[in-house]
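For the sequence shown, the working numbering begins at 2 and goes up steadily by one.
Every residue gets a Cβ at the ideal spot worked out from N, C-alpha and C, and that includes glycine.
Quick caveat, the model's predicted, so the values are computed rather than measured.
Below is one structure; the comments refer to it alone.
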Amino acid sequence: MAVDQEKKPTARKTPAKKPAAKKPAAKRAAAKKSTPAKGINVKKATKAKPSAPLKGGATRAASSKSGTDATADLKDRAINKARSTANDGKAKAGEAIGTLSEMIENSAKTIDENVGEKYGDYARSAADAVSSFAEKVNAKDVDTMVEDAREFVRKKPAVAIGAAAVVGLMISRLIKSGMDDRS
């Protein structure tokens, strides 16, 4: 009897594949782009349509000016407001310094009587210096004063930092003493 041997499928050897050659970057990018199938419409992006007209109640800045013009207008109004506030503050400071000068001048007579004329003269010279400073503050424009301050800081930064530290210390002491009084 013949023995039927089962036939095993023979394995086929596939030829070894060669590694794919690298395509240049331009060809790779072109190969990745897909084209739509036939019969499919692809719309290209269109320009944005202008917005609908503004309705009643819209802001005047939005309806009459473009964004950059509105920003410039807002900036100008803010600068003008800051300038007028600074001028008001300058006027009040000038008045306060003038009042301080008058107080020192009036106290010079009392100092003459109680301590001596020599010390009264010191008080008068201090009153004159404060008075001349008040006149300078009243005579100068705020923009000129700001520019003078910038120039001073450029020339003497150490003095400016020291003055800022002293002013900060004085303000912190005033605040602290005000809080201590409330306790």
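Less than 8 Å between the C-beta atoms of residue i and residue j, yes or no?
i             : j             : result
alanine 87    : valine 143    : yes
valine 131    : serine 102    : yes
alanine 127   : isoleucine 98 : no
valine 138    : alanine 94    : yes
aspartate 129 : glycine 121   : no
Of the residues the options, which one's Cα is nearest the Cα of residue i?
i             : options                   : result
threonine 100 : Lys157, Ser173 and Glu136 : Glu136
alanine 92    : Ala150, Val167 and Ala140 : Ala140
Alpha carbon to alpha carbon, what distance is there between residue j and residue i?
i              : j             : result
leucine 75     : lysine 82     : 11 Å
aspartate 194  : valine 116    : Look at the range of the chain in this structure, 2 to 184, and you will see that residue 194 is not part of it.
alanine 161    : valine 154    : 6 Å
valine 167     : alanine 159   : 12 Å
threonine 69   : isoleucine 80 : 16 Å
glycine 169    : aspartate 77  : 31 Å
alanine 150    : glutamate 118 : 37 Å
methionine 180 : arginine 84   : 33 Å
arginine 183   : alanine 165   : 27 Å
glutamate 1    : threonine 111 : This structure cannot speak to residue 1, because the chain is shown only from 2 to 184.
Identify whether residue i lies in helix, strand or coil by the three-state DSSP scheme.
i             : result
aspartate 142 : coil
valine 167    : helix
glycine 99    : helix
lysine 157    : coil
valine 147    : helix
valine 131    : helix
glycine 117   : coil
threonine 72  : helix
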